[in-house]
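Chains as they are written, first to last, in the numbering used here: chain C, 4 to 201; chain B, 92 to 476. Cβ coordinates follow ideal geometry from the N, Cα and C atoms, glycine included.
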Amino acid sequence: MTSRVDLKVISKWVKEDSRVLDLACGDGELLHNLARDKNVSGYGLEINPQNIQACLERGVNVLEHNIDQGLGNFNDQSFDTVVMTQALQALQFPHLVLDEMLRVGRECIVTFPNFGHWRCRLHLSTKGRMPVSKFMPYTWYDTPNIHFCTFKDFEDLCRQKKLNIIERLVVDRENKGDWKARLLPNLMGEVAIYHVTR
Amino acid sequence: MPKAIPADSVGLVTPQTIHFSQPLQLSCGQILEKYDLVIETYGQLNEQRNNGVLICHALSGHHHAAGYHSMGDKKSGWWDNFIGPGKPLDTNQFFIVSLNNLGGCHGSTGPVSTNPKTSKLYGPDFPFVTVEDWVESQVRLSDHLGIDQWAAIVGGSLGGMQALHWSITHPDRLRHALVIASAPKLSAQNIAFNEVARQAIMSDENFRGGRYLEENTLPRNGLGLARMVGHITYLSDDAMGEKFGRELKNKEFSFDYGVQFQIESYLRYQGANFSDIFDANTYLLMTRALDYFDPASRYDDSLAKAMAQASAKFLLVSFTTDWRFSPARSNEIVSALLLAAKDVSYMEIDAPQGHDAFLMNIPRYVNGVAAYMQRVANECREASS
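1. Could you work out which residues of chain C lie near B:Gly459, taking near to mean beta carbons separated by less than 9 Å?
2. Taking the DSSP output, what are the residues bridged to B:Thr108?
3. Nearest to B:Lys340 by alpha carbon, out of B:Glu355, B:Lys404, B:Arg140?
4. Can you tell me whether C:Met4 is buried or exposed? The criterion is at least 16 other CB atoms within 10 Å of its CB, across all chains shown.
5. What does C:Leu105 touch in chain B if you count any residue whose Cβ is under 8 Å from its own?
6. How do the stretch 379-398 of chain B and the stretch 280-291 of chain B stand: do at least 3 beta-carbon pairs fall below 8 Å, yes or no?
7. Report the three-state DSSP secondary structure of B:Ser199 (helix, strand or coil).
8. Can a CB atom of chain B be found closer than 8 Å to the CB of C:Val65?
9. Along the stretch 66-89 of chain C, what residues have a CB closer than 7 Å to any CB found in chain B?
10. Consult DSSP for C:Val107 and reduce its assignment to one of helix, strand or coil.
11. Suppose you measure from the CA of B:Ala254 to the CA of C:Trp16; what does that come to, to the nearest Å?
12. On the DSSP bridge list, what partners appear for B:Gln116?
13. Based on DSSP bridge pairs, tell me the residues matched to B:Met438.
14. By the three-class DSSP mapping on this structure, what secondary structure does C:Pro97 have?
15. If you drop the 5 nearest sequence neighbours on each side, which residues of the same chain put their C-beta closer than 7 Å to that of B:Pro179?
16. C:Asp20 lies in the alpha helix (DSSP H); which residues open and close that run?
17. Listing by chain order, which chain B residues have their CB less than 8 Å from the CB of C:Gly108?
18. Does the beta-carbon of C:Thr153 have 16 or more other beta-carbons within 10 angstroms, so that it is buried, or is it exposed?
19. Could you say which of C:Arg132, C:Leu24, C:Lys41, C:Lys183 lies nearest to C:Ile70 if we only look at CA atoms?
20. Indicate the three-state DSSP secondary structure (helix, strand or coil) for B:Thr209 in the structure shown.
21. My parser needs the alpha helix (DSSP H) runs of 4 or more residues fully inside the stretch 360-415 of chain B; what are they?
22. For C:Gly192, which residues in chain B fall below 7 Å Cβ to Cβ?
23. Quick one: residues in its chain with C-beta nearer than 6 Å to the C-beta of C:Thr92, no 5 flanking neighbours on either side, listed in chain order?
24. Taking 7 Å as the line, does the beta carbon of C:Asn167 fall inside it for any heavy atom of the ligand HEM?
25. Hey, B:Ile440 and B:Thr411 are a contact pair by Cβ (cut 8 Å); roughly how many whole angstroms apart?
26. Assign C:Pro188 to one of three DSSP states: helix, strand, or coil.
27. How far does the alpha helix (DSSP H) with B:Gly168 in it reach, from first residue to last?
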């Protein structure tokens, strides 16, 4: 079983026998589990060679492809669900990728770290420096994470694009959605999982 | 010469010649009444006969893909990096078959064979063969070997085109296709290079309309030139720069057209060497087969429609500095497979060696193919149990 809370939640939201495209699929764990437990088929896109190797070892369909170049290889509405976990903040144009996700998929599931979490806010307000933690381990000048946002920022973008947020689950790093994260998500939640359609 | 056979080598191998007497209708309209295919096999066919892997060769390749013919051999087979016990194409798990294609010059029926109708060498009269014809002859070879379905068909470059064609025209006869450093058809630039190679051969005064063997001569210069041009397209600018740079053979310019730069010396050596071991008519035939390959042409020029015929799963591999069949060309195949909703994985290997990279021991490439083939081997075992 997976140790990543977000993957567990996503597995629940994906329907049986559906077709899934996983952007930045990592080592293929999600697609592997979905294929095994829910007879899901699809592809993962990845650029990290170690991750691609892990996918091949698992027998997950993996394509070496940079998401920043769009999803031109895929037909409109050719997937039930397009998933992207923990990659939004690393994209050149997150808003365009979101458009592409909803072009090729009927719905999408996006997870990303919340820059509005109290630890980030505390770090910035007391130290006056960009947060560096175990969770966000990079220095500002050398980081793949070039587009951090908060939950509120993301929801603003969805509103602008007239997207429907079907479900949202906010989790912190240990538990999935305890009462603090439910009450004050943008302050207490560390990772959000959004389920979005057009 | 191997002092001792390495532990991960298939060891000493002996080619076999298989005779086919059922006429083969060729795409050019001619019929080949009977023909031979020379093959090598490595590993054991299992009881269920489901662990066969077919290796398709590229332009100047042949059946000798792995191991040694004798202890006196200077070199092992052309893909020895990949074939052997514990290697990506693991002979402990697979029964691997490698052949010399029709029209070749290494033992299968081709221009250097005797035409039974005239009792003379075929020479330029050997009929044109296409990738499609090769696949048909390989189907007959499969029948002969009692292999209904290959676990995988594997090829690089022109070999990849054969694997691709198999998947379209005989979908039920393979479970996996590994298409490496290949393309769904040649570009104008690719054809242009082939044409330069052919003109080099045909304009050699010793070509004699292709009847050079009958006249006891060889178009050495022409074939050598053809190989020199080809060789340039197999290497990347970087690889050539790295290997030779502007290094001079002697210290100073000699102000003549002899060999001055190391790269000239290398190319001339490659050309001369090749013209000793390869047949010019075969080279002409193989380049034409490349030119003509275009499986989408039968499906309204839609590669996706062509690939929709396939039932195999695919692994595509390209190399960043390959400019003969660049990553973009592999991506055309990947795109078509995605549109056709087929199972496909794709690796774009960062490698400086150019097109030739597909023959080389590049760790990421080797490991990726090994991981994929291990899954294939597991499937064979699961289906057997």
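Straight from the coordinates:
1. To locate residue 459 of chain B, count along the second sequence from 1; it is residue 368. Chain C residues near B:Gly459: Pro52, Ile55, Gln56, Leu59.
2. Against the second sequence, residue 108 of chain B aligns to sequence position 17. B:Thr108 is bridged to B:Val129.
3. Stepping through the second sequence from its first residue, residue 340 of chain B is reached at position 249. That would be B:Glu355, whose Cα lies nearest to the Cα of B:Lys340.
4. For the purposes of this step, residue 4 of chain C is taken as residue 1 along the first sequence, with counting starting at 1. With a pLDDT of only 46 at C:Met4, under 50, the local geometry of the prediction cannot be trusted, and the value read off the model is given with reservation. Its Cβ having fewer than 16 others within 10 Å, C:Met4 is exposed.
5. As a working mapping, residue 105 of chain C is identified with position 102 in the first sequence. Near C:Leu105 there are no residues of chain B at all, since even the closest Cβ is about 18 Å away, more than 8 Å.
6. yes
7. As a working mapping, residue 199 of chain B is identified with position 108 in the second sequence. Three-state DSSP puts B:Ser199 in coil, outside helix and strand.
8. Residue mapping note: residue 65 of chain C aligns to position 62 of the first sequence, counting from 1. Cβ-Cβ to chain B under 8 Å: yes for C:Val65.
9. Leu66, Glu67, Asn76, Phe77, Asn78
10. Locating residue 107 of chain C in the first sequence gives position 104, counting from the first residue. Three-state result, C:Val107: helix.
11. Stepping through the second sequence from its first residue, residue 254 of chain B is reached at position 163. Stepping through the first sequence from its first residue, residue 16 of chain C is reached at position 13. In a straight line, the C-alpha of B:Ala254 is about 39 Å away from that of C:Trp16.
12. As a first step, residue 116 of chain B is located in the second sequence; it is residue number 25 there, counting from the start. The partner list for B:Gln116 (beta bridge, DSSP) reads B:Ile122.
13. Position 347 of the second sequence, counting from 1, holds the residue named residue 438 of chain B. Bridge partners of B:Met438: B:Val408.
14. Here residue 97 of chain C refers to the residue found at position 94 when the first sequence is read from its first residue. Correct three-state label for C:Pro97: helix.
15. Within the second sequence, numbered from 1, the residue matching residue 179 of chain B stands at position 88. Correct list, in chain order: Phe173, Val457, Val460, Ala461, Met464.
16. To locate residue 20 of chain C, count along the first sequence from 1; it is residue 17. Unbroken run through C:Asp20: none, as it is neither H nor E.
17. What you label residue 108 of chain C is simply residue 105 of the first sequence in a count that begins at 1. By Cβ distance, chain B contributes nothing, its closest Cβ being about 14 Å from C:Gly108, past 8 Å.
18. Looking up residue 153 of chain C in the first sequence gives position 150. Answer is buried; the Cβ neighbour count reaches 16.
19. Indexing the first sequence from 1 puts residue 70 of chain C at position 67. Nearest of C:Arg132, C:Leu24, C:Lys41, C:Lys183 to C:Ile70, Cα basis: C:Leu24.
20. Counted from its first residue, the second sequence places residue 209 of chain B at position 118. Here B:Thr209 sits in coil by DSSP.
21. 371-383, 394-398
22. The residue you call residue 192 of chain C lines up with position 189 of the first sequence. Near C:Gly192 there are no residues of chain B at all, since even the closest Cβ is about 35 Å away, more than 7 Å.
23. Counting from one through the first sequence, the residue named residue 92 of chain C turns up at place 89. Note that residue 92 of chain C is Gln in the sequence shown, not Thr. Answer for C:Gln92: Phe115, Asn148, His150, Phe151, listed in chain order.
24. This structure does not include the ligand HEM; it has no bound ligands of any sort.
25. Residue numbering aside, residue 440 of chain B sits at position 349 when the second sequence is read from its first letter. Residue numbering aside, residue 411 of chain B sits at position 320 when the second sequence is read from its first letter. Right, the Cβ-Cβ distance comes to about 7 Å (below 8 Å), so this counts as a contact.
26. Locating residue 188 of chain C in the first sequence gives position 185, where the first residue counts as 1. Three-state result, C:Pro188: helix.
27. Walking along the second sequence from the start, residue 168 of chain B turns up at place 77. It is not in any alpha helix (DSSP H) - B:Gly168 carries neither H nor E in the DSSP assignment.
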